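>
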Amino acid sequence: MYYMYFYHEQYTHLKSNLPVDQAARFHGRQCDVSIEQEVIDSFQWIEQTLGGCDVLVNNAGIVRRTNITDSGNSSDLRAVLETNVLGVAWCTREAFRSLQQRHVNDGHVVLINSIAGHSVPMVNGLSFNMYAPSKHAITAMTEVLRQEFLKKDTKIKVTSISPGVVNTEIFDESSVEVATGMPMLQPEDIANAISYCIQTPPNVQIHELTIKPVGEIF
């Protein structure tokens, strides 16, 4: 098991709560997926340390508290695209390269999308700004990857998982008030969905899975 993890404290907490045998197989390496060279270096580390990548879960994503029409927000808008779109493309490219080099023909790429990748909810006080366009890009990228994997004569699967509101660190202090009181999924719900998708039989590919908490207003 391998995590490209942003928060060292969370990684340490997770590892310390695993059974000893699982903890020994749980590795962490910090990587800013918005920086292409860090992605390349991390996948080289995977090759050298763990032997390669068979399953990739593209989970890294950010949102910024701004409007597209606000002045002086170029760095925020760019950061969202670089993390949520280019980071996914770079990680998927390197995972595919790893699979091809090792002649593994049945890997799996999971993209954590969002309901905002299919429609743009209207929430008072909360702008989806560049986040929604970035997730719409992931919806398109899922189909592009499916076609590319097929054209390259592989059986590599690709799955887009689109959750509703999930109780994670993506809500910063400025937006948590907006989310307070909303029905929320828990991270474990998404982890269980990922586990289900990657355990399907060889002839089954879940292309798109939408998950909403009961009572969600979107």
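First residue of the sequence shown: 1, per my numbering; consecutive thereafter. No residue lacks a Cβ here, since even glycine has one placed at the ideal position from N, Cα and C. Since we're looking at a predicted model, the values are computed, not measured.
Verify whether the separation of the beta carbon atoms of Ile206 and Thr159 is less than 7 Å.
yes
> So, with DSSP's three-state summary, where would you put Glu169?
Here Glu169 carries a coil assignment [DSSP, helix/strand/coil].
> Between the C-alpha atoms of Val75 and Leu99, what's the straight-line distance to the nearest angstrom?
Per the sequence shown, residue 75 should be read as Ser rather than Val. Their backbone Cα atoms lie some 34 Å apart in a straight line.
> Less than 7 Å separating the beta-carbons of Ile217 and Pro163?
In terms of Cβ geometry, Ile217 and Pro163 do not form a close pair [threshold 7 Å].
> Looking at the unbroken alpha helix (DSSP H) that takes in Thr142, where does it start and where does it end?
Tyr131 to Lys151
> Going by alpha carbons, who is nearest to Leu50 out of Ile170, Arg102, Thr12 and Ile156?
Arg102
> As a quick exercise: from Leu209, Thr154, Ile198 and Glu36, pick the residue whose alpha carbon is nearest that of His118.
Leu209
> Excluding five sequence neighbours on each side, which residues of the same chain lie with their C-beta closer than 6 Å to the C-beta of Val165?
Met182 and Met184
> Tell whether a beta-carbon distance below 7 Å holds between Ser134 and Leu81.
yes
> Using 8 Å for Cβ pairs, my map puts Ile156 next to Gly107. What's the rounded Cβ distance?
Rounded, the Cβ-Cβ distance is 5 Å, consistent with contact.
> Tell me the DSSP secondary structure of Gly241 in three-state form.
Beyond the ends of the chain as shown, which are 1 and 218, falls residue 241; an answer cannot be given.
> Would you mind sorting Glu94 into buried or exposed? The rule is 16 or more other CB atoms within 10 Å of its CB.
Buried, since its Cβ has 16 or more Cβ neighbours within 10 Å.
> Would Thr92 and Ser34 qualify as a contact pair, given that the criterion is a beta-carbon distance under 7 Å?
No, these two residues do not count as a Cβ contact at 7 Å.
> How far does the beta strand (DSSP E) with Ile112 in it extend, from its first residue to its last?
His108 to Ile112
> List the DSSP bridge partners of Leu185.
Answer is Val166.
> Locate the alpha helix (DSSP H) running through Glu208, then write down its first and last residues.
Per DSSP, Glu208 belongs to no alpha helix (DSSP H); it is in the beta strand (DSSP E), Glu208 to Ile211.
> Tell me the rounded alpha-carbon separation between Tyr196 and Ser16.
25 Å
> Once the 5 residues before and after Ile190 are set aside, which same chain residues still bring their CB inside 8 Å of it?
Ile112, Ile161, Pro163, Val166 and Ile211
> Go ahead and pull the three-state DSSP assignment for Ser42.
helix
> What first and last residue would you give for the alpha helix (DSSP H) that runs through Val55?
Counting along the chain, Val55 falls outside any alpha helix (DSSP H), though it belongs to the beta strand (DSSP E) covering Val55 to Asn58.
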